[in-house]
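Only one structure is covered here, and it is reproduced in the block below.
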Amino acid sequence: MPQKIAILVSDNLISENSDIRDDIFELEEEMGKITPVFANYDMVTNLVRWRDAAAQAPNYDAMLPLFVWDYFEGNQEAFISEMAKASKHTKLFNSFDVIRWNSDKSYLDELDRSGAPVIQTLYLERVTQTGVERAFDTLDTDTLVIKPQIGGGAWRQVLYKKGEPFPNKAELPPEGAMVQAFLPSVQSEGEYSFLYFGGHFSHALVKRPKTGDYRIQSIYGGTEETYEPSKTERADARLILDALDFTPLYARVDLLRGNDGGLRLIELELLEPYLYLAHSDGEGEDNKGATRLAEALKKKLD
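For the sequence shown, the positions run 13 to 314 when the working numbering is used.
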């Protein structure tokens, strides 16, 4: 009997929802490769609302929260609670402990202290103008990026330049925030993503913002291009995974070029990462990235 795999999704990626995301095509693109490849490995995939995960968990051999693209929009507590309940009845990948750890981006501080090459980040319990203004001197920059500690997809993220009016409260992170120096390389060079399955490198790409923006997501006009990293770049990215005391089923390492020329981690996506399978060789059931993911998952299930 085929093994049943639930791919968890947020309500804003369900086609009949009135508040559907503009980038639902990314879900369709990815599932167009995952579904046929998993079938080759005797695994059947179904899309399941993450809010139904606990109730549906006994019906599945594993659940992968790959498209939970609203867990951070005030839903984090409910999401973590749902994953905890689901994990008692099926296998979660990545594991519940990893999901909980990765859902709050203060994990960057932990990785930084372990020696991984992480972009310098300041943490604020809440955003205040005084706290943010201090960051200009601390980070030695005249342009800051203010991000939610629990967030994704540039949600409630602000670019703030010294001397400009302070952003409106509705634009800023609602609770805990991270403050980082803006790196011009995101516009001149782009942001890199390195994908790993079962701890092994799969493929890479570079994401670039549209002219005049700094956000690389497709919903803001960002574009992507397949990228072949150098040995040095591969080694820099590998340092991130080597800092972990576990091997995730899937991981996306997002990096920017620092002012010193080295790559710096801005996010380690172990929860709801878009896997950019289109930048791995092969279409449909021949996609190599989806094949690597299926092989890694099969090993964990057998």
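All residues carry an ideal CB built from backbone N, CA and C; glycine is no exception.
Sheet register partners of residue i (DSSP bridge)
i: Asn24; result: BP columns for Asn24 are empty, so no partner.
i: Ala18; result: Asn58, Met75
i: Met190; result: Tyr135, Lys159
i: Arg264; result: Leu207, Glu281
i: Val144; result: Partner(s): none; Val144 has no beta bridge.
i: Tyr172; result: Leu156
For residue i, three-class secondary structure by DSSP
i: Thr133; result: strand
i: Tyr53; result: coil
i: Glu203; result: strand
i: Val110; result: helix
i: Phe91; result: helix
i: Arg227; result: coil
i: Ser30; result: coil
i: Phe37; result: helix
i: Val80; result: coil
Spatial distance of residue i from residue j (CA atoms)
i: Gly86; j: Ile162; result: 9 Å
i: Leu313; j: Gly127; result: 32 Å
i: Thr150; j: Asp293; result: 43 Å
i: Pro160; j: Val21; result: 21 Å
i: Ala147; j: Gln88; result: 27 Å
i: Arg264; j: Phe178; result: 33 Å
i: Glu176; j: Ile19; result: 43 Å
i: Pro285; j: Lys174; result: 32 Å
i: Thr223; j: Gln199; result: 8 Å
i: Asn271; j: Leu195; result: 7 Å
i: Glu152; j: Gly273; result: Rather than Glu, the amino acid found at residue 152 in this sequence is Asp. Whole-angstrom Cα-Cα distance: 17 Å.
i: Glu94; j: Ser197; result: 38 Å
i: Lys117; j: Ala98; result: 23 Å
i: Leu261; j: Lys100; result: 19 Å
i: Glu145; j: Leu171; result: 13 Å
i: Asp35; j: Glu41; result: 10 Å
i: Leu184; j: Ile111; result: 24 Å
i: Pro241; j: Leu267; result: 12 Å
Own chain partners of residue i with C-beta closer than 8 Å, once the 5 adjacent residues on each side are dropped
i: Ile17; result: Phe50, Met55, Val56, Thr57, Asn58, Tyr72, Asp73, Ala74, Met75, Leu76, Leu309
i: Asn24; result: Asp31, Ile32, Arg33, Trp81, Asp82
Sequence-distant residues of the same chain with beta carbon closer than 7 Å to residue i, five excluded per side
i: Leu217; result: Ser205, Glu236, Glu237, Thr238, Tyr239, Tyr288, His291
i: Phe91; result: Trp62, Val80, Tyr83
Same chain, Cβ closer than 6 Å to residue i, five either side skipped, listed in chain order
i: Lys300; result: Ser292, Asp293, Gly294
i: Ile131; result: Gln192, Arg276, Ile278
i: Gln68; result: Val60
i: Asp154; result: Lys174
Under 7 Å between C-beta atoms of residue i and residue j
i: Phe213; j: Arg304; result: no
i: Gly202; j: Lys181; result: no
i: Val139; j: Ala189; result: yes
i: Ser253; j: Asn114; result: Going by the sequence as given, residue 253 is Leu instead of Ser. Contact: no.
i: Asn29; j: Glu297; result: no
i: Leu120; j: Thr133; result: yes
i: Gly123; j: Ala249; result: Reading the sequence as shown, one finds Leu at residue 123 and not Gly. No, the pair does not count as a contact, with Cβ atoms beyond the cut-off.
i: Leu251; j: Pro129; result: yes
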